Amino acid sequence: DAGITQSPRHKVTETGTPVTLRCHQTENHRYMYWYRQDPGHGLRLIHYSYGVKDTDKGEVSDGYSVSRSKTEDFLLTLESATSSQTSVYFCAISGGLDLFSGNTIYFGEGSWLTVV
Amino acid sequence: AQSVTQLDSQVPVFEEAPVELRCNYSSSVSVYLFWYVQYPNQGLQLLLKYLSGSTLVESINGFEAEFNKSQTSFHLRKPSVHISDTAEYFCAVRLQGAQKLVFGQGTRLTINP
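Here it is in structure tokens:
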């Protein structure tokens, strides 16, 4: 398994509260991603990072912010959680475009977030 | 922008029967193609991938997928399924030169004894 740790794995929070999910990797990979998984939608990209302090938006970035101050950590923050953000959140990592690395994106185990 | 369509949201089959999970994509540029599998309450695991070369790619557990450029498809097949293959399967596309994966909606494969 790729060395990806997500925390917390499960969280219940109230509407309007801030929430931060953490992704930690031990692979020294350059690229890190946050996806959310919802029934009927597959996985959708929220934000991704291509280096320390370098981030960009995905297709469903509204209501989310990210930060990457170290290569190994990528934080996802919900500034004011809403019920529509109840979802399973997956962190992923990738070494880059090198064909020998397989261009593969590896996923963490997921963080289940419920906003009540 | 590229998109991925998995034509079946659920596929029920009997054990030891063959199965095909369909995936079509749209893109104006060359792509890399992936199938991921997700077992209940777990993350996604890479099943197989097409980067270049032979259009038929295989996984270690008997699945195979064929890249068909003219039909923009990457269907996943297995000649004989096992109960342990019960999972959700996701097709994904990555543009060559890009870092992001775009996923299909997923297909839930249910194996009945």
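Chains as they are written, first to last, in the numbering used here: chain Y, -2 to 113; chain B, -18 to 94.
The beta carbon of each residue, even a glycine, is placed where N, CA and C say it ideally should be.
In this text the structure is predicted, and so the values were computed from the model without any measurement.
Name the DSSP beta bridge partners of Y/G39, please? Taking the first sequence and counting its residues from 1, the one referred to as residue 39 of chain Y is at position 42. Bridge partners of Y/G39: Y/D35.
Buried or exposed by the 16-neighbour rule on C-beta atoms within 10 Å, applied to Y/S98: Counting from 1 along the first sequence, the entry for residue 98 of chain Y is found at position 101. Summary for Y/S98: the model assigns pLDDT 48, below 50, so the residue's position carries little reliability; its value from the coordinates is reported in the next sentence. Result: exposed.
Quick one, which residues of the stretch 27 to 46 of chain Y are near chain B if we go by CB-CB under 7 Å, in chain order? Y28, G37, H38, G39, L40, L42, Y45
Using a Cβ-Cβ cut-off of 8 Å, state whether B/Y23 counts as contacting chain Y. What you label residue 23 of chain B is simply residue 42 of the second sequence in a count that begins at 1. According to the sequence provided, residue 23 of chain B is Gln. The question's Tyr does not apply to it. Closer than 8 Å to some Cβ of chain Y, the Cβ of B/Q23 qualifies, so yes.
Count the other CB atoms within 10 Å of the CB of Y/H26; is the residue buried (16 or more) or exposed (fewer)? Taking the first sequence and counting its residues from 1, one reaches residue 26 of chain Y at position 29. Under this definition Y/H26 is a buried residue.
From the DSSP output, in three-state form, read off B/I41 for me. To locate residue 41 of chain B, count along the second sequence from 1; it is residue 60. Correct three-state label for B/I41: coil.
Is the Cβ-Cβ distance between B/S7 and B/S(-16) less than 8 Å? Numbered from 1 along the second sequence, position 26 holds the residue referred to as residue 7 of chain B. Numbered from 1 along the second sequence, position 3 holds the residue referred to as residue -16 of chain B. Taking 8 Å as the Cβ cut-off, B/S7 and B/S(-16) qualify as a contacting pair.
Coarse secondary structure for Y/Q3, derived from DSSP in three states: Numbered from 1 along the first sequence, position 6 holds the residue referred to as residue 3 of chain Y. Y/Q3 falls in the strand class under three-state DSSP.
How should B/K81 be labelled, buried or exposed, when 16 other C-beta atoms within 10 angstroms of its C-beta is the threshold for buried? Here residue 81 of chain B is taken as the residue at index 100 of the second sequence, counted from 1. By the neighbour-count rule (16 or more Cβ atoms within 10 Å), B/K81 is buried.
Residue-level contact to chain Y via CB, B/F71, 8 Å cutoff: As a working note, residue 71 of chain B is residue 90 in the second sequence. Output row for B/F71: interface = yes.
Which same chain residues, not among the five before or five after Y/G13, have their C-beta less than 6 Å away from its C-beta? Taking the first residue of the first sequence as 1, we reach residue 13 of chain Y at position 16. Cβ within range, chain order: S77.
Can you name, in chain order, every residue of its own chain whose Cβ lies under 8 Å from the Cβ of B/D(-11), other than the five neighbours on each side? If you number the second sequence from 1, residue -11 of chain B lands on position 8. Hits under 8 Å: L2, R3, T88.
Length at least 3, wholly inside the stretch 17 to 65 of chain B: the beta strand (DSSP E) runs in chain order: 25 to 31, 37 to 39, 45 to 49, 54 to 59
Member of B/P94, B/Q86, B/N42, B/N5 whose CA lies at the smallest distance from the CA of B/Y70: Translated into positions along the second sequence, residue 70 of chain B becomes position 89. Cα-wise, what sits closest to B/Y70 is B/Q86.
Which residue or residues does DSSP assign as beta-bridge partners of B/A68? Reading the second sequence from its first residue, position 87 is the one you call residue 68 of chain B. In the DSSP output, where bridge partners are listed per residue, B/A68 has B/L90.
B/I41, buried or exposed, once every other Cβ within 10 Å from all chains shown has been counted against 16: Working through the second sequence from its first residue, we reach residue 41 of chain B at position 60. B/I41 is exposed by the Cβ-count criterion.
List the residues of chain B whose Cβ lies closer than 8 Å to the Cβ of Y/I90, in chain order. Position 93 of the first sequence holds residue 90 of chain Y. Simply none; closest approach about 11 Å.
Looking at C-beta atoms only, is the number of pairs between the stretch 104 to 112 of chain Y and the stretch 20 to 37 of chain B that lie closer than 8 Å three or more? yes
Any idea what DSSP makes of B/Q80, helix, strand or coil? Here the question's residue 80 of chain B lines up with position 99 in the second sequence. The answer is coil: DSSP assigns B/Q80 none of H, G, I, E or B.
What do you reckon, are the CB atoms on B/K59 and B/G43 nearer than 8 Å? Here residue 59 of chain B refers to the residue found at position 78 of the second sequence. Here residue 43 of chain B refers to the residue found at position 62 of the second sequence. Yes, these two residues count as a Cβ contact at 8 Å.
Residue from Y/S64, Y/C88, Y/P36 with nearest C-alpha to Y/S81: Your numbering for residue 81 of chain Y matches position 84 in the first sequence. Of the listed residues, the one whose Cα sits closest to Y/S81 is Y/P36.
Run of the beta strand (DSSP E) containing B/Q(-17), from where it starts to where it stops: To locate residue -17 of chain B, count along the second sequence from 1; it is residue 2. Element bounds for B/Q(-17): n/a, residue is neither H nor E.
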